[in-house]
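Here the working numbering is used: the first residue of the sequence shown is 76, the next is one more, and so on. Every residue gets a Cβ at the ideal spot worked out from N, C-alpha and C, and that includes glycine.
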Amino acid sequence: MTKKSTPSLEGLACPIPLKEYPRVLMAHGGGGRLMHQLVERLFLTAFGSPELEARHDGAVVELEAGRTAVTTDSYVVRPLTFPGGDIGTLAVNGTVNDLAMCGARPDHLTAGFILEEGLSMKTLWEIVRSMRRAADAAAVRVIAGDTKVVDRGREEGMFINTTGVGKVEAAQPIAPSRVRPGDAVLVTGDIGRHGMAVMAAREGLGFENPIRSDCAPLWPLVKTLIAARLPLHCLRDCTRGGLAASLVEIAQAARVRIHIEETAVPVREEVRGACEILGLDPLYVANEGRFVVFVHPIQADKTLAVLRSHSLGVGARRIGEVTEAGSPRVTMKSRIGATRVVDLPSGEQLPRIC
Ligand code: MG
Numbered sequence: 076m077t078k079k080s081t082p083s084l085e086g087l088a089c090p091i092p093l094k095e096y097p098r099v100l101m102a103h104g105g106g107g108r109l110m111h112q113l114v115e116r117l118f119l120t121a122f123g124s125p126e127l128e129a130r131h132d133g134a135v136v137e138l139e140a141g142r143t144a145v146t147t148d149s150y151v152v153r154p155l156t157f158p159g160g161d162i163g164t165l166a167v168n169g170t171v172n173d174l175a176m177c178g179a180r181p182d183h184l185t186a187g188f189i190l191e192e193g194l195s196m197k198t199l200w201e202i203v204r205s206m207r208r209a210a211d212a213a214a215v216r217v218i219a220g221d222t223k224v225v226d227r228g229r230e231e232g233m234f235i236n237t238t239g240v241g242k243v244e245a246a247q248p249i250a251p252s253r254v255r256p257g258d259a260v261l262v263t264g265d266i267g268r269h270g271m272a273v274m275a276a277r278e279g280l281g282f283e284n285p286i287r288s289d290c291a292p293l294w295p296l297v298k299t300l301i302a303a304r305l306p307l308h309c310l311r312d313c314t315r316g317g318l319a320a321s322l323v324e325i326a327q328a329a330r331v332r333i334h335i336e337e338t339a340v341p342v343r344e345e346v347r348g349a350c351e352i353l354g355l356d357p358l359y360v361a362n363e364g365r366f367v368v369f370v371h372p373i374q375a376d377k378t379l380a381v382l383r384s385h386s387l388g389v390g391a392r393r394i395g396e397v398t399e400a401g402s403p404r405v406t407m408k409s410r411i412g413a414t415r416v417v418d419l420p421s422g423e424q425l426p427r428i429c
């Protein structure tokens, strides 16, 4: 399918001499010899695809006939590393997952790096290495990139933008416009882990059972759903704003009403506990390995069975349905039996989570 990138980086030390260049400096971003070091030694070693090796102004790739999905996202998570991943894993999985939500097989990625002066070169190498690991796991190649160094910020940080390109494999469009009254609403597993893993790392909270991010590439699961020829109407990953935001966004885009049952939404005990301590509602906490499925109700049980047959969807549950067309609204029957409206939070509940 895709041409192979350079060999694995496992165990490979930073190709830039750390004694000489312990930190990223503005001078590295000046287009001179230091930037050359960064690009030629660090990024090319890490991502060395034929397109990058061509050292051209842009990547020239052959696209398969049919529909192509394109998406872009910027990653600003703080801290850079958290249990279950880092900004590099996130920058790959977040973007390939948006392609997967379009029913597209992720093929190519571009990566833009904005590095703050003072960033440790060792940290940069570790993050780029885990990015490569995530790209291999998701079967995508980095074909173009850019690097800028900016003034020292409040922390020694970095930001990554990735753009993903993929071939749409779903025969029928998968989109909010296809959501219909009666559709079953499924979620692929327990929610809230990514946001809580990042919050715990940021706040230095040592929980008895450390929470790991659910960050994972979701295309293999989506591919399984497509292969089963299920009447999928829409998929949406539950990233920023959590499950609640995904449902509200779909309700608004499709102009429908959605009703869910709180008791049906899977939340792990440790996540529920951590949310209680921090005064958060797991419904609004970000995920990086979960998505909602809107499917024709006649195939809801089969869809659930297909999801559960895959390691990424073992915890899938049916959580509700699309009740009617009309002014968009999401409602939830709570644990105690009361029905309440699920709204978007007024501000950002958890900043810099992805
Ligand atoms: Mg998304």
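Next on the checklist: What I want to know is whether the C-beta of T170 ends up closer than 7 Å to one or more non-hydrogen atoms of the ligand MG.
Outcome noted: Counted from its first residue, the sequence shown places residue 170 at position 95. Relative to the ligand MG, even the nearest heavy atom lies 7 Å or more away from the CB of T170.
Between the beta-carbon of M206 and the beta-carbon of G163, is there less than 8 Å? Position 131 of the sequence shown, counted from the first residue, corresponds to residue 206. Position 88 of the sequence shown, counted from the first residue, corresponds to residue 163. Their beta carbons are under 8 Å apart, which means M206 touches G163 by this criterion.
- Going by DSSP, name the residue or residues bridged to L190. Translated into the one-based positions of the sequence shown, residue 190 becomes position 115. Per DSSP, the beta-bridge partners of L190 are V224, M233.
I202 by DSSP, collapsed to three states: which one? Mapped onto the sequence shown, residue 202 falls at position 127. If DSSP states are grouped into helix, strand and coil, I202 belongs with the helices.
**Study point:** R255, enclosing alpha helix (DSSP H) - first and last residue
**Key:** Counted from its first residue, the sequence shown places residue 255 at position 180. R255 -> no alpha helix (DSSP H), and no H or E assigned at all.
### Message
So, at 7 Å on beta carbons, what are the nonlocal neighbours of V152 in its own chain, with the 5 sequence-adjacent residues on each side left out?
### Response
Counted from its first residue, the sequence shown places residue 152 at position 77. If we look at V152 and ignore the five residues flanking it on each side, its Cβ neighbours are I162, L165, V273, R427, I428, C429.
task: Keeping to the same chain, check which residues put their C-beta closer than 6 Å to that of L425; ignore five residues upstream and five downstream.
output: The sequence position of residue 425 within the sequence shown is 350, counting from 1. Only G270 meet the Cβ criterion.
**Request:** Work out the CA separation of V136 and S124 for me, nearest whole Å.
**Result:** Along the sequence shown, read from residue 1 onward, the residue named residue 124 stands at position 49. Along the sequence shown, read from residue 1 onward, the residue named residue 136 stands at position 61. So the alpha carbons of these two residues sit roughly 12 Å apart.
Checklist entry - K408: which of T156, T314, I333, G390 sits nearest, CA to CA? => result Here residue 408 refers to the residue found at position 333 when the sequence shown is read from its first residue. Of T156, T314, I333, G390, the smallest CA-CA separation from K408 is found for I333.
- Output yes if chain B places a C-beta closer than 8 Å to the C-beta of S321; else output no. In the structure shown, chain B does not exist; there is a single protein chain.
Where DSSP assigns a beta bridge to K408, which residues make up the other side? In the sequence shown, residue 408 corresponds to position 333, counting from 1. Its beta-bridge partners are E336, T414.
Quick check on this structure: which residue in I301, G232, Y359 has the alpha carbon closest to the alpha carbon of R98? In the sequence shown, residue 98 corresponds to position 23, counting from 1. Out of I301, G232, Y359, G232 has the C-alpha closest to the C-alpha of R98.
Report the residue ranges of all alpha helix (DSSP H) runs contained in full by the segment 289-366; include only those spanning at least 4 residues, in chain order.
Runs of the alpha helix (DSSP H) lying entirely within the segment 289-366 and spanning at least 4 residues, in chain order: 294-302, 317-329, 344-353.
Given 7 Å as the limit, tell me if T314 has its C-beta closer than that to any heavy atom belonging to the ligand MG. Residue numbering aside, residue 314 sits at position 239 when the sequence shown is read from its first letter. Yes, the beta carbon of T314 sits closer than 7 Å to at least one heavy atom of the ligand MG.
Item to complete: Have a look at N362 and T143 and give me their C-alpha separation to the nearest angstrom.
Response: For the purposes of this step, residue 362 is taken as the residue at position 287 of the sequence shown. For the purposes of this step, residue 143 is taken as the residue at position 68 of the sequence shown. The alpha-carbon atoms of N362 and T143 are separated by roughly 26 Å.
Please name the residue in I352, D356, T398 whose C-alpha comes closest to that of P372. Locating residue 372 in the sequence shown gives position 297, counting from the first residue. Ranking I352, D356, T398 by Cα distance to P372 puts T398 first.
- prompt: Quick one: what does DSSP say V262 is sitting in, helix, strand or coil?
  reply: Against the sequence shown, residue 262 aligns to sequence position 187. Annotated three-state conformation of V262 is strand, per DSSP.
Worksheet item: Under three-state DSSP, which class holds I428?
Response: Reading the sequence shown from its first residue, position 353 is the one you call residue 428. In the structure shown, I428 falls within a coil segment according to DSSP collapsed to helix, strand and coil.
| message | Taking 8 Å as the limit between beta carbons, can you name the residues of its chain near R415, skipping five residues before and five after? | response | Here residue 415 refers to the residue found at position 340 when the sequence shown is read from its first residue. Take R415, set aside five residues on each side of it, and the residues of its chain with a beta-carbon closer than 8 Å to its own are T406, M407, S409, in chain order.
* Asked: With respect to 7 Å, is the separation between the Cβ of D289 and the closest non-hydrogen atom of the ligand MG below this value?
  -> Walking along the sequence shown from the start, residue 289 turns up at place 214. The beta carbon of D289 sits no closer than 7 Å to any heavy atom of the ligand MG.
Nearest neighbour of A302, chosen from F157, E244, G228 [CA to CA] | Position 227 of the sequence shown, counted from the start, is the residue given in the question as residue 302. Selected option, being the one with the closest Cα: E244.
Could you work out which residue in P248, V167, S252 is closest to A212 when comparing CA atoms only?
Reading the sequence shown from its first residue, position 137 is the one you call residue 212. Scanning P248, V167, S252 for the CA closest to the CA of A212 turns up V167.
>> Please determine whether the Cβ atom of D173 lies at a distance below 7 Å from any heavy atom of the ligand MG.
In response: Stepping through the sequence shown from its first residue, residue 173 is reached at position 98. Yes, the Cβ of D173 comes within 7 Å of a heavy atom of the ligand MG.
Continuous beta strand (DSSP E) assignments of at least 3 residues falling wholly in the segment 125-176: DSSP runs (the beta strand (DSSP E)) wholly in the segment 125-176: 143-150.
Taking three-plus beta-carbon pairs below 8 Å as touching, is the segment 331-349 in contact with the segment 376-386? As far as the Cβ criterion goes, the segment 331-349 does not touch the segment 376-386, which means the pair count is below three.
**Prompt:** Should R108 be labelled buried (16 or more other beta-carbon atoms within 10 Å of its own) or exposed?
**Reply:** The count along the sequence shown starts at 1 and reaches residue 108 at position 33. Classified as exposed, R108 has fewer than 16 neighbouring CB atoms from the shown chains inside 10 Å of its CB.
query: What's the C-alpha gap between L93 and P292?
result: Position 18 of the sequence shown holds residue 93. Position 217 of the sequence shown holds residue 292. In a straight line, the C-alpha of L93 is about 32 Å away from that of P292.
*Assuming P181 and A276 form a contact by the criterion Cβ under 8 Å, report the distance between their Cβ atoms to the nearest whole angstrom.*
The residue labelled residue 181 in the question sits at position 106 within the sequence shown. The residue labelled residue 276 in the question sits at position 201 within the sequence shown. Their Cβ separation, rounded to whole angstroms, is 27 Å, which puts P181 and A276 out of contact at 8 Å.
In angstroms with no decimal places, state the Cα-to-Cα distance between A326 and L379.
-> For the purposes of this step, residue 326 is taken as residue 251 along the sequence shown, with counting starting at 1. For the purposes of this step, residue 379 is taken as residue 304 along the sequence shown, with counting starting at 1. Those two C-alpha atoms are separated by around 21 Å.
Since G317 and L358 should fall inside the 8 Å C-beta cutoff, what is the C-beta to C-beta distance between them, to a whole number of angstroms?
Here the question's residue 317 lines up with position 242 in the sequence shown. Here the question's residue 358 lines up with position 283 in the sequence shown. Rounded, the Cβ-Cβ distance is 6 Å, consistent with contact.
(request) Please confirm whether any heavy atom of the ligand MG lies closer than 7 Å to the CB of M274. (result) Locating residue 274 in the sequence shown gives position 199, counting from the first residue. No heavy atom of the ligand MG is found nearer than 7 Å to the CB of M274.
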